[in-house]
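Beneath this line is the structure, given in structure tokens, with notes to follow.
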Amino acid sequence: MIKALCARLFQKYRTNKFPDAPPNLPEHFRGRIEFDRNDFTDEIWQQTAANCPVDAMDKEKVCIDLGRCIFCGKCQQINPAIRFTSEYRMGTMQRENLLTYGHSIQLDEQLDAGIKALYGKSLHIRQVSAGGCAACELDFNVLNTLAWDMGRFGIKVVASPRHADALLITGPVTDNMRTALLKTYAAMGEPKLVIACGACAISGGIYYDSPHAAGGVEGILPVHLYVPGCPPHPATLLEALVRFMGRRQLDNRA
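The sequence shown lines up with residues 807 to 1060 when you count with this note's numbering.
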């Protein structure tokens, strides 16, 4: 016991200061996409869109769907005018807000007052991997570690859907997981929320055209929060959850 106490005194406080301070992002972090329509020709855009592995680029509207994008960087290799910024804040309650036409996407500054009233102090989450590769699942699990400690915001993971306020879904919803997902949702008490975590859960990701997957959770369950990425960085996910609960405003450094 004495050794454990001494170790804690030596290690000191290890939880990072996020979201009160900016997160420590990796050097090559790929965040929100920006581009200037005047910096490239229609021909270059068509060529770039044709090479997108997940068909995230609209050839006619000249926009990129961040809900489908896997942030692979292939578009930037073909068209250097496309830039991956260090902006990690991308979670939104509106699916259409994930469409970027070149500059910053519209995020939710004011959330539903009812959500804040019900979940502002605590949010219990049941996580379901609906055919995911485990990347989104692992980065969500990271939020439970000492470095991120999402429990300080009242966010907890529960084993039973009957104890859950929200269902956090990862994966493209494969045929073999569809029934299990629906049963889990049905077992939750009212009111209940659905969080689509990652490109696969939002749009199908790299499995968007698979005959054995639903192409994401939309159309199966009502989605209340979209968190893009492949996988979403822990900072992206935690910021979205905290803002969703009404614990932080968008114009803060959180």
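Heads up, the beta-carbon is just placed ideally off N, CA and C, and yes, glycines get one too.
Note that the structure is predicted; figures quoted are calculated from it, not measured.
Using the three-state DSSP reduction, which class does residue i fall into: helix, strand or coil?
i, result
"F841", "coil"
"R889", "strand"
"M994", "coil"
"A936", "coil"
"Y1032", "strand"
"A810", "helix"
"I921", "helix"
"I1012", "helix"
"T951", "coil"
"A827", "coil"
"A1020", "coil"
"L815", "helix"
"L1027", "coil"
Determine the extent of the alpha helix (DSSP H) in which residue i is found, giving its start and end residues.
i, result
"K880", "880-884"
"A1006", "The sequence given here has Cys at residue 1006, not Ala. Taken as a continuous stretch (DSSP letters only), the alpha helix (DSSP H) holding C1006 covers 1005-1009."
"D945", "941-948"
"R836", "It is not in any alpha helix (DSSP H) - R836 carries neither H nor E in the DSSP assignment."
"M1051", "1040-1051"
"A856", "848-856"
Assuming residue i is part of the beta strand (DSSP E), what are its boundary residues?
i, result
"T976", "972-976"
What are the residues that DSSP puts in a beta bridge with residue i?
i, result
"I961", "L929"
"C869", "D864"
"T906", "I870"
Using the beta-carbon count (16 or more within 10 Å), is residue i buried or exposed?
i, result
"R820", "exposed"
"H1039", "buried"
"R1059", "Legend: pLDDT at R1059 = 42, less than 50; position of this residue unreliable, no value from coordinates given."
"T891", "exposed"
"Y894", "buried"
"N885", "buried"
"P1028", "exposed"
"P1034", "buried"
Taking 7 angstroms as the CB-CB cut-off, is residue i touching chain B?
i, result
"P828", "Among the chains of the structure shown, chain B does not appear; only one protein chain is present."
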